[in-house]
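In mature numbering (1 follows the signal peptide of the UniProt record, and there is no 0), the protein residues as written are -25 to -1, 1 to 271.
Okay, here's the thing in structure tokens:
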């Protein structure tokens, strides 16, 4: 990576220039992000059948709207709201996994860094939940490496992040890092059970790299990420990249930063338990149908 040459005086001058704006009582900013998750669809071919290139291409097209999204982060000195930009789906696109995908896509996420509070709307198989919990920070390791994102100088920080529940963004085939006898055995077990999820695993932790800018000295960032001495403009978390494409400081028309309020109130731990139990029920039902089919 080509590193930018940091000019301390210029950076300090820029920070002093924007400090006045941040000191205003009604200060607000809006950052636009693009997210992309890479997924090797060939590894989920089902183990017991071959997928043609044409079918794989159709899968990838249908998955695009699920794997590539746009978000906005509206923030002030203490609060932020992170939500997906609405867009029309092309007819027949299926919205990724169709209705199934909405069960794993969260609604607006509110963070209050002063009160250490996080709230998020979440729908899971038609039921609405409101996840309310303590805002937990990652144990960031501060680096010295820098680069440019647009007009901003950003600094590198890294952390290890626990994965909560069924996070599809880190889903991978078992033995994917050891494509030999183990992967073959896993596919054989999936055939026996009739459950393709037997081929899938989700790691307990993932490695995260964040790039933040002290030119916007706000303790905020997209999605779950915050806790650095500057707005986070880029995140690389396992197979997902979140990149800021535009920032508007003190827009003439300000957005409301409202707390989500609809749905059954649960903690993150309670929600993870609910979703895990539901997925296990679905797997048992799938296995039952598979066993019934083999007996006929």
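A virtual CB, placed ideally from N, CA and C, is assigned to each residue, including glycine.
*How many angstroms separate the CA atom of residue 192 from the CA atom of residue 212?*
22 Å
*asked:* Going by C-alpha to C-alpha distance, which of 29, 89, 7 sits closest to residue 60?
replied: 7
*Can you tell which of 4, 30, 100, 182 has the C-alpha that lies nearest to the C-alpha of residue 47?*
By alpha-carbon distance to residue 47, the top candidate from 4, 30, 100, 182 is 4.
_Looking at the ligand MG, does it come within less than 7 Å of residue 27, judged from the CB to the closest heavy atom?_
The ligand MG is absent from the structure shown, which contains no ligands of any kind.
*Secondary structure at residue 227, three-state DSSP: helix, strand or coil?*
It is coil, neither helix nor strand.
*Go ahead and pull the three-state DSSP assignment for residue 60.*
coil
*Report, in whole angstroms, the separation of the C-beta atoms of residue 208 and residue 186, which I expect to be a contact under 8 Å.*
6 Å
*asked:* What does the alpha-carbon distance come out to for the pair residue 254 and residue 127?
replied: 43 Å
*So, do the segment 230 to 242 and the segment 93 to 113 have three or more beta carbon pairs nearer to each other than 8 Å?*
Judged by Cβ distances under 8 Å, the segment 230 to 242 makes contact with the segment 93 to 113, as three or more pairs qualify.
*Could you check what DSSP says for residue 200 in three-state terms: helix, strand or coil?*
coil
_Once the 5 residues before and after residue 84 are set aside, which same chain residues still bring their CB inside 6 Å of it?_
Take residue 84, set aside five residues on each side of it, and the residues of its chain with a beta-carbon closer than 6 Å to its own are 57, 95, in chain order.
*What separation, rounded to the nearest whole angstrom, lies between the Cα atoms of residue 210 and residue 223?*
19 Å
*How many Å lie between residue 196 and residue 257 at the Cα?*
35 Å
_Integer Cβ distance of residue 55 from residue 49, believed to fall under 8 Å_ = 6 Å
_Using only the alpha-carbon positions, how far apart do residue 119 and residue 130 sit?_
7 Å
*asked:* Between 237, 116, 123, which has its C-alpha nearest residue 203's C-alpha?
replied: 116
*Beta carbon of residue 134, beta carbon of residue 88: below 8 Å?*
no
*Closest by CA to residue 138, which one among 122, 121, 181?*
181
*Alpha carbon to alpha carbon, how far is residue 188 from residue 125? Give it in angstroms, no decimals.*
11 Å
*Let me know if residue 30 comes out buried or exposed under the rule of 16 or more other beta-carbons within 10 Å of its beta-carbon.*
exposed
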